[in-house]
Every structure is written in C-alpha cells, then in structure tokens.
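Input: a single structure, listed below in structure tokens.
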Amino acid sequence: MMNLQQTPRLPQRSISATPPHPDEPLDRDDPFRIADRMHHATIASATLGISPISLFQAWQDWALHLAASPGKQHQILNKLLSKQVRLTRFVSDCALEGEKAEPCIEPLPQDHRFSDPGWSKIPFSLMAQSFLLTQQWWHNATTGVAGVSTHHERLAAFYARQFLDMLSPSNFAFGNPEVIAATMREGGANLMRGLAYFLEDAAHVTPHEKCNFQPGRDVATTSGEVVFRNDLVELIQYAPTTGTVMTEPLLVVPAWIMKYYILDLSPQNSLIRYLVDAGFTVFAISWVNPDERHRDVSFDDYIRRGVMAALDAVEKITGVLHIHAAGYCLGGTLLAAAAAAMARDKDDRLKTLTMLAAQVDFDEPGELGLFIDESQLAFLEDVMWQQGYLDQKQMAGAFQMLRSQDLVWSRMVREYLIGERPQMNDLMAWNADATRMPYRMHTQYLRRFYLNNDLAQGRFEVNGHNVQLEDIRLPVFAVGTVTDHVAPWRSVFKLIHLFDADVDFVLTSGGHNAGIVSEPGHPHRSYRSLQYRHGEPHPEAEKWMHETEAEPGSWWPEWANWLKQRSTGPSAARAPGNEETGYPPLDPAPGSYVLMK
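So the mapping is simple: my numbering equals the position in the sequence shown, first residue as 1, plus 421.
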C-alpha cells in the first residue's frame, strides 16, 4: 500500500474521495441534464462565469417595481433636475472663477480617477463633474425602490456602476488630461509603451510568469521542512530560531483559494517568521493545487485529510496534546467547522482558536457574495462540472469585476495610455499565483455558506452529523480589517455572538490581505482592540468602533502576547520532524505543492 507521507508527487490515478452525498447528485448518467450543463458552461465561459439569467432577473425586478412606484419615479426625476441645476451653476462659476470654482460634487474617497490637477481645468472639470453627478443619480435610481429584493437591488446598482465605469471620461485618451499631458511631454512614446504592454498581455503572459518573486527563493523563505504529505496537503514545520519555544505548537490553516505564503512573504513582512522569532513552534498547511482528478473531493475531505490530518501529525511530532490553531480567510471558516466538530466529538486538542479575516456568518457575505443566487450558482456549478474545477482565470475575472474601477479601467489607463507599469512586489506576485478550486468542494462551500448560511444557523454537517458553533468554548482571537471586501469586519465581529467563548477582537487598518500582512514598522498602520468575556452583554459593532481609539502600529505583537499568555511556558526548541514517531523531514520548505501550476 502506498505511503502517502513519503509520496513526493500526486498519483496519476483519480483521487479517491468520500462518496457523493445523496442530496448532491453528480448527474453523470442523465443525458438531458448533461446537455443543459454543457450549454450553461458554454454561456458562462463567454460571460466570466456570470449568469445572464441572474442579471436579467435583477433588472426585471428593479424595472417592474420602479414602474409601479410613481413616488419613486417623481423622486428620481426631481434628483435629475436638481443635479442639472447644480451642474449649470458649476458651469457659470467656472466661467467667472476658472479653476477656483468650487466643485458641485466630490468623488468618493476610494475614487482616484480625477485626482490629477488637470481635472480642475475646463473642459475636463465639466466632464468629471457631469460624470460624477450621473453616477450618483444612477445610484439613487437603482436603490430604495420598494419591493425589490435586497440581492437584486445590489446587483442592479452594481451593474449600473460597471456600465458607467466603462464610460468614464478618464478612460479615453482625448478626455483625460493626464494622458494628454504625458503624450505631449513624451511625443507619443507613452502610447508606444502602452501598445507594447497591451500586446504582451494579449499574448497571455501573466504577471506571475514574468515576476522575480519565486517561492523558496524570494518569498516563502522561512527555514523549515515538509514533515507530512498526503493528496491534499503538505505540512510544513519551521525551524526554531530561539533556544526555547512555547510548549504548545501553533498550526496555521490558510485559505485554499490562494497559495499559503501570503503569511510567509518576504522576510521583513512574514507573519510566520515573526511567530518563529517570537518563540513558537509553527506548522503551516500548504494545500495542493487541484486539477480534474480532485473533482469529487468534498468539504469533509478538506477537514479530515486537511485540518485533522495536520493536527494528528503535529501531536505525534511534538508529543504535545494541546495545540494553538489559526485560520486565515476560508481557512478560518474551515477551521471553525473543524473546531465545532471536535467539540461535538469531545476532542479537546485545541488550546486556542485564532480567526484572521475569517467568516462563519455569511449573512453579510461581502462583495464575493454579490453574485451568489440559485441561477448564478447553477451556471458556476456547470462550469466546474465540465472542467472538474474552477480555473484561476475565471476567479480572477470575477474579482476584477468586483473592483473594475481600480483593477480594470484605471489599470488600463495607467498602463496602456500613460505607459506606466507598476513594479511588481511580493504581495502582487502572490496575488497572481492563484490556485484552482475542486468542483464538489467549492460547490458545497458556495451553496452551504454563501447561499444558505448553514454553519451560522446550525444546519451544517461534518462527517454526516450536525455541528454547532456554540459548542466552541476555547479562547478566541479574531482579526477584522477595516476595508475588507471579502470578509467584512462586521461579519467577522459576529464571532463574539456565535461562540460561547471569550473573544479578543482586533480591527486593523487595511484590506483583506494588506491588513493581515501588517508587520511592526509598517507605516500608517493602526488597530482597535476589544476584550469580550463570555457572559457579558454583547457589544454593538458600530458603537464599539466609534467609541474606541485606534492604537498606532501593528497588531502582530498583541496576538503573539495573547498566545504566550495562553501557553504553559517554555520548552526546548524542536527541530522539524520526528523520525521516531514516523514523521521524518521529507523536503525543505516551502515544499512541492506551492510550486504546482
């Protein structure tokens, strides 16, 4: 029998998996269903995986309810007239005062399209002000229509914004003063560089293919060894840098949607290296990059052959019965489900639980949940069914749509018209190094979490039996990030209400990734902290945030101190692996799975 712990590469046969659950038929033998799925997949391949039916339903819901709401029609007509008056007054002020005229509308704080001084000059200022007023009016028109479902309202407003972003005057060479100035200054050389960049991108050269950041050489360089491997994970144990370590080891469970080394970037901003230097024995899971062989691997498999297999290995390698565990993003969701199952089964090996930008309640799903409804999920499932997985490029397209103003249009203007390409950094290189999602597991994840919110509502099953988040009674450390568009901090804050546990909550500046990669010494970082003790009145998120002053600096030291306070003291430092218990070092970190394309 093959020893998976010593297998350096995936087997060529199909990966075995838990048999399909009865309520999740794969429909492999139904020719009519197969025909439907193939047709859906063909449509979705041309629409970045977006369901046109879902889009039509949203616009239909909005249009029909607006047609039946004369009061709302009158309101938005009044707003249109008032905006025309404001724009006319601005034109008059420009004629009298020139560039000193006060704008009639300001861009949103995150909108930097019109920040160049050239936009204050006529006629560019008129174009910018007219566009911003139009954008505001469409937001007024697509929101607040009685009877429209919340989901359809969000979709209608989102697609209206997408269409307007495409028509922004900043996107056109002769309508953008910054592009005109660059062209005049360089004699058109900027346009030639931009054309070269465009042709390079058209040749499908990805940022990761041409970047200088390679795992094991430039990033993911913290010293360690792969000490366990199966068909889903490599478990890395990092070499100690201190003479003694905290007795209880720490297991890090990253998201499987991207490579694990977001937590081990360059040496100066590696959270894993920081923890090792702080005196912890750190283990980290590195997920396999799945392909068609993994199509039937389930969410239960990710718990059993991922989290639980790693915990078993950590226990046998260190000989310690209690283990700190930390989950990042989707890894935190997975870890919470595993922790609830362990509590159900009276498995008390977890010492503490840390949730880094991780949700368990998807009632506020963030921008990623914007598209998830039955129609959208059906199209997405059929794309994955056809391939056996969701491809990185398909996920990238959806992410770009969510932030098209920055990730599509502004980037195209900057690179193709102004001729400037940002220098690749470690975080950008990691972001370009995406992974695939296996069909069955990702379908379960989207349906049970984003669509049904089963875990928070007590309907989620692990290994065929129900789990309850209230059974988690460990000390919990949770981190939310202020501008997180993936796991909104208010959703992460709900951990306080869902776990029967003491929760230390930190709200840090930055977004989903940059807020977590927030090393000491990083400029402009700050955080707020809350110590909630189980049994106290539950705090309100907004009230707490506005009443709490932000502390300057990184939240990393606070977490390290929190872990130390909940450890039993120092022990002798441990070299990676333990041959006596059957876990010899297999390969140097970062291992082989992180290198899979």
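Think of the CB as a built atom: it goes at the ideal place given N, C-alpha and C, for glycine as much as any other residue.
Collapsing the DSSP output to three states places E882 in a strand. DSSP, reduced to helix, strand and coil, places Q952 within a strand of the structure shown.
DSSP places F545 outside any beta strand (DSSP E); the residue lies instead in the alpha helix (DSSP H), whose first and last residues are F545 to T563. T929 is not a Cβ neighbour of T904, given a cutoff of 8 Å. In this model, H461 and L811 are separated by some 14 Å (Cα to Cα). Beta-bridge partners assigned by DSSP to D1008: V647.
For the pair R949 and S939, the CB atoms are not nearer than the 8 Å cut-off. Beta-bridge annotation (DSSP): P491 is not paired with any residue. The count of Cβ pairs closer than 8 Å, one atom from the region 856-869 and one from the region 708-720, reaches three, so the stretches are in contact. Judged by their CB atoms, A760 and L774 are nearer to each other than the 8 Å cut-off. A Cβ-Cβ separation of about 42 Å leaves A562 out of contact with I455 under the 8 Å criterion. Closest option to L696, judged by alpha-carbon separation, among A746, V924, G637 and H495: A746. Straight-line spacing of the CA atoms in Y953 and E963 works out to 15 Å. For P661, the three-state secondary structure derived from DSSP is coil. The C-alpha of A994 lies about 8 Å from the C-alpha of T702.
DSSP places L656 within a strand segment (E or B) once states are collapsed to three. Relative to Y682, the option among Y749, D698, N651 and L508 whose CA is nearest is Y749.
With fewer than 16 other Cβ atoms inside 10 Å of its own Cβ, H967 counts as exposed. For V741 against F704, the beta-carbon gap comes to about 11 Å, at or over 8 Å, which does not count as contact. Under the three-state reduction of DSSP output, H959 falls in the coil class, being neither helix nor strand. Closest by C-alpha distance to D782, out of F870, I657, N846 and K767, is F870. By the Cβ test, the region 984-1000 is in contact with the region 665-682, since at least three Cβ pairs between them sit closer than 8 Å. V600 carries a helical assignment under DSSP once its states are collapsed to helix, strand and coil.
Cβ contact annotation for K915 (same chain, cutoff 7 Å, sequence separation greater than five): D782, in chain order. Beta bridge pairing from DSSP links E979 with no other residue.
In the displayed model, M667 falls within a strand according to three-state DSSP. For I474, same chain residues with a beta-carbon under 7 Å away, outside a window of 5 residues either side, are S796 in chain order. 8 Å or more divides the Cβ of Y659 from the Cβ of G637. DSSP places P859 in the strand class (E or B) of the three-state scheme.
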